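Participant: Quick one: structure below, then a few questions.
Protein chains: 2
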Amino acid sequence: MSPRHSAAEAMQTRDAILDRSVAIASAEGLEGLTIGRLAAELGMSKSGVIGHFGSKEALQLAVLDRAGEVFRTEVWEPVRATPPGLPRLRALCEEWISYLERGVFPGGCFFVAAAHEFDGRPGAVRDAVEARFDAWRGRLVKEAGRAAEAGDLPDGTEPEQLAFELMGVVMAANHAVQLHRDPQAPARARRAVRAKLGA
Amino acid sequence: MSPRHSAAEAMQTRDAILDRSVAIASAEGLEGLTIGRLAAELGMSKSGVIGHFGSKEALQLAVLDRAGEVFRTEVWEPVRATPPGLPRLRALCEEWISYLERGVFPGGCFFVAAAHEFDGRPGAVRDAVEARFDAWRGRLVKEAGRAAEAGDLPDGTEPEQLAFELMGVVMAANHAVQLHRDPQAPARARRAVRAKLGA
DNA sequence: ATAGCAATCGAACGTTCGGACGCTAAGGTG
DNA sequence: CACCTTAGCGTCCGAACGTTCGATTGCTAT
Chain G
1 MSPRHSAAEA MQTRDAILDR SVAIASAEGL EGLTIGRLAA ELGMSKSGVI
51 GHFGSKEALQ LAVLDRAGEV FRTEVWEPVR ATPPGLPRLR ALCEEWISYL
101 ERGVFPGGCF FVAAAHEFDG RPGAVRDAVE ARFDAWRGRL VKEAGRAAEA
151 GDLPDGTEPE QLAFELMGVV MAANHAVQLH RDPQAPARAR RAVRAKLGA
Chain B
200 MSPRHSAAEA MQTRDAILDR SVAIASAEGL EGLTIGRLAA ELGMSKSGVI
250 GHFGSKEALQ LAVLDRAGEV FRTEVWEPVR ATPPGLPRLR ALCEEWISYL
300 ERGVFPGGCF FVAAAHEFDG RPGAVRDAVE ARFDAWRGRL VKEAGRAAEA
350 GDLPDGTEPE QLAFELMGVV MAANHAVQLH RDPQAPARAR RAVRAKLGA
């Protein structure tokens, strides 16, 4: 084979490793992601793979970053142009459900899976997962707060409580799709969102 | 050491293996459960451990059964005496949330964790997890149906949709407790349930 | 032209995994 | 008492794990 030696080509290699890693980790978890398997599937040596990251934990963190970019592109970007408050909150939920429906990650929501995998083990990966959820929940709470301020939500609606319940709806949909392969799950989730945010 | 050879004592050993297995698997997953670790923690040999089950997969299925017994004892039994329909559905949700709050399993809901761990890998364990969720959801739908028949729920309430949303509420609570260690999560879940089932 | 850097390889490391084997010793049964 | 079953032990195996190391190769700046 022809090894790559320029910095530009090395970045291509790194990208290829991360793409494959996201695919594997989405289906089998961040621990199911093994360096040997990555090397075999990419036609490289194990040391060639790990050389880009230094350790498996650093690879996992990089994979989390890459998955975060995908999530941002697929869920957040399409919604940025929507006016803040209730309209954006509705659009956010729709894109979020659609992201599950389209199977952006073959194993369902990457972060929900990572959360369950790492919530019991202290470490950098767990902290990174928690930080991402905090950021996401913050976004939901912010938009819900704007919607409430604008009077677009029923009186007494607490943004924190609403965000909590929306998380639940999407997690239920994720679960139904992944475990039960229930094709009705996205429709149920949309209906639940509509009950909370109106049509 | 003094090996045990009577059938009764062997059952005690089997019980001890399962108890420890549930504790380990709850915190680290059914795959994180390893025969060598079990043997070390129980002061036995690996062959002494696996001899009771035959294979790791059979052990995992037995652990799932044991966890199911715990769930039944902690969540279902306290509620059996409550009248069917809305009262029982309410009691069910309360016990369900309380089971998360009390930390019956140190890693949160055993089955939610197992579902996320195995939803991507075909096999007997995955099937068993799915069957348990089907049974549980069936119970929720049945009680919701009775409540609707009795006129105790708003007109147009679909039992399937209600069960879906209740699953979401509890999964959100589980997630908030396990990943964020959020002490308010049970209260939020109760509030969400109250919004759906009344006080 | 040459020195240096970085990407990648191949091989080896120590560990851990699930599992298989043969053995011992005790209980239950005739 | 004799026999059979079996709980449990100790040992071993092949595979896979993450990681480390030196060698090789090609690009790039001097």
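As you go down the protein sequences, you meet chains G and B in turn.
With my numbering, the residue at position 34 of the first sequence is 34, and numbering never jumps.
With my numbering, the residue at position 172 of the second sequence is 371, and numbering never jumps.
Quick reminder that beta carbons are idealized off the backbone N, C-alpha and C, glycines included.
Source: prediction; values computed, not measured.
Check whether the Cβ of S201(B) lies closer than 7 Å to any Cβ atom in chain G.
Facilitator: Position 2 of the second sequence holds residue 201(B). Residue confidence is low: S201(B) scores 47 on pLDDT, short of 50, so the model does not pin down where it sits. No coordinate-derived value is stated.
Participant: Does the beta-carbon of S2(G) have 16 or more other beta-carbons within 10 angstroms, so that it is buried, or is it exposed?
Facilitator: As a first step, residue 2(G) must be located in the first sequence, where it is residue number 2. Interpretation of S2(G) is limited by its pLDDT of 47, a score under 50 that renders its predicted location unreliable; the figure taken from the coordinates is listed afterwards. So S2(G) ends up on the exposed side.
Participant: Taking the alpha helix (DSSP H) that I367(B) belongs to, which residues open and close that run?
Facilitator: Within the second sequence, residue 367(B) is the residue found at index 168, counting from 1. The displayed chain sequence assigns Gly, not Ile, to residue 367(B). Note, G367(B): alpha helix (DSSP H), 358-379.
Participant: Do the region 379-391 of chain B and the region 161-173 of chain G meet, that is, are 3 or more Cβ pairs less than 8 Å apart?
Facilitator: Short answer: they touch.
Participant: What distance in whole Å lies between the Cβ atoms of V311(B) and M370(B), which are believed to be in contact at a cut-off of 8 Å?
Facilitator: Within the second sequence, the letter at position 171 stands for residue 370(B). Within the second sequence, the letter at position 112 stands for residue 311(B). Indeed, because the Cβ distance is near 6 Å, the residues count as touching under 8 Å.
Participant: Using a Cβ cut-off of 7 Å (strictly closer), state whether E294(B) contacts chain G.
Facilitator: The residue given as residue 294(B) occupies position 95 in the second sequence. Taking Cβ atoms only, chain G never reaches closer than 7 Å to E294(B), which makes this a no.
Participant: Taking Cβ to Cβ, would you say L100(G) is nearer than 7 Å to A173(G)?
Facilitator: As a working mapping, residue 100(G) is identified with position 100 in the first sequence. As a working mapping, residue 173(G) is identified with position 173 in the first sequence. Closer than 7 Å, so yes.
Participant: In chain G, which residues lie less than 7 Å from G306(B) when you measure between Cβ atoms?
Facilitator: In the second sequence, counting from the first residue as 1, residue 306(B) sits at position 107. Simply G120.
Participant: Of all the CB atoms in chain G, is at least one closer than 7 Å to the CB of V269(B)?
Facilitator: As a first step, residue 269(B) is located in the second sequence; it is residue number 70 there, counting from the start. By this cut-off, V269(B) is not an interface position.
Participant: Counting only runs that start and end within the region 97-147 of chain G, where is the alpha helix (DSSP H) found for 4 or more residues in a row?
Facilitator: Counting whole runs of 4 or more residues, the region 97-147 of chain G contains the alpha helix (DSSP H) stretches 110-118.
Participant: Got a sec? Which residues, its chain only, sit under 6 Å from G29(G) by beta carbon, not counting five neighbours each side?
Facilitator: Working through the first sequence from its first residue, we reach residue 29(G) at position 29. E117.
Participant: Just the Cα atoms here: how many angstroms apart are R66(G) and K196(G)?
Facilitator: Locating residue 66(G) in the first sequence gives position 66, where the first residue counts as 1. Locating residue 196(G) in the first sequence gives position 196, where the first residue counts as 1. Distance between the alpha carbons of R66(G) and K196(G) is about 32 Å.
Participant: At 7 Å on the CB atoms, spell out the chain G contacts of A312(B), in chain order.
Facilitator: Here residue 312(B) refers to the residue found at position 113 of the second sequence. H116, listed in chain order.
Participant: First and last residue of the alpha helix (DSSP H) that includes E256(B)?
Facilitator: For the purposes of this step, residue 256(B) is taken as residue 57 along the second sequence, with counting starting at 1. Counting along the chain, the alpha helix (DSSP H) containing E256(B) begins and ends at 255-270.
Participant: Within a Cβ cutoff of 8 Å, which residues of the same chain sit near G235(B), ignoring the five residues on either side of it in sequence?
Facilitator: On the second sequence, position 36 is the one that residue 235(B) refers to. Same-chain partners within the cutoff: K245.
Participant: What does the alpha-carbon distance come out to for the pair D354(B) and G322(B)?
Facilitator: Within the second sequence, the letter at position 155 stands for residue 354(B). Within the second sequence, the letter at position 123 stands for residue 322(B). The straight-line gap from Cα to Cα measures roughly 41 Å.
Participant: With DSSP collapsed to three states, give me the class of T82(G).
Facilitator: Within the first sequence, the letter at position 82 stands for residue 82(G). Note: T82(G) maps to coil in three-state DSSP.
Participant: Please go through the same chain and pick out, in chain order, the residues whose beta-carbon is closer than 8 Å to the beta-carbon of R20(G), but skip the five residues on each side of it.
Facilitator: Against the first sequence, residue 20(G) aligns to sequence position 20. Once the five neighbours on either side are set aside, the close Cβ partners of R20(G) are L38, E41, L42.
Participant: Give me the Cα-Cα distance between R301(B) and V376(B), rounded to the nearest whole angstrom.
Facilitator: Taking the second sequence and counting its residues from 1, the one referred to as residue 301(B) is at position 102. Taking the second sequence and counting its residues from 1, the one referred to as residue 376(B) is at position 177. In a straight line, the C-alpha of R301(B) is about 11 Å away from that of V376(B).
Participant: I'd like the list of long-range same chain contacts for G194(B), defined as Cβ closer than 6 Å, with 5 residues on each side in sequence excluded.
Facilitator: Here chain B covers residues 200 to 398 and nothing more, so residue 194(B) does not appear.
Participant: Just how far apart, CA to CA, sit M243(B) and L232(B)?
Facilitator: Position 44 of the second sequence, counting from 1, holds the residue named residue 243(B). Position 33 of the second sequence, counting from 1, holds the residue named residue 232(B). So the two alpha carbons sit approximately 15 Å from each other.
Participant: Within 10 angstroms of its Cβ, does E57(G) collect 16 or more other Cβ (buried), or is it exposed?
Facilitator: Within the first sequence, residue 57(G) is the residue found at index 57, counting from 1. Its Cβ having fewer than 16 others within 10 Å, E57(G) is exposed.
Participant: Excluding the 5 residues flanking L86(G) on each side, which residues of the same chain have their C-beta closer than 6 Å to its C-beta?
Facilitator: Residue numbering aside, residue 86(G) sits at position 86 when the first sequence is read from its first letter. Answer for L86(G): A147, D152, listed in chain order.
Participant: Roughly how many whole angstroms lie between the Cα atoms of L92(G) and V63(G)?
Facilitator: If you number the first sequence from 1, residue 92(G) lands on position 92. If you number the first sequence from 1, residue 63(G) lands on position 63. Cα to Cα, the separation comes out at about 24 Å.
Participant: So what does DSSP say about E28(G), is it helix, strand or coil?
Facilitator: Position 28 of the first sequence, counted from the first residue, corresponds to residue 28(G). DSSP places E28(G) in helix when its eight states are reduced to three.
Participant: Which value, in whole angstroms, describes the spacing of the CA atoms of H379(B) and R126(G)?
Facilitator: Position 180 of the second sequence, counting from 1, holds the residue named residue 379(B). Position 126 of the first sequence, counting from 1, holds the residue named residue 126(G). C-alpha separation (whole angstroms): 10 Å.
Participant: Is it right to say G397(B) is buried, meaning 16 or more other beta carbons lie within 10 angstroms of its own, or is it exposed?
Facilitator: The sequence position of residue 397(B) within the second sequence is 198, counting from 1. Exposed is the call here.
Participant: Kindly say whether A192(G), judged by its beta-carbon, lies nearer than 7 Å to any beta-carbon of chain B.
Facilitator: Locating residue 192(G) in the first sequence gives position 192, counting from the first residue. Yes, its Cβ sits closer than 7 Å to a Cβ of chain B.
Participant: Using the Cβ count rule (16 or more neighbours within 10 Å means buried), how would you classify E196(B)?
Facilitator: No information on residue 196(B) is available, as it lies outside the stretch 200 to 398 that chain B covers here.
Participant: Taking the beta carbon of S26(G) as the centre, do at least 16 other beta carbons fall within 10 Å, making it buried, or is it exposed?
Facilitator: Your numbering for residue 26(G) matches position 26 in the first sequence. It is buried - the Cβ of S26(G) has at least 16 other Cβ atoms within 10 Å.
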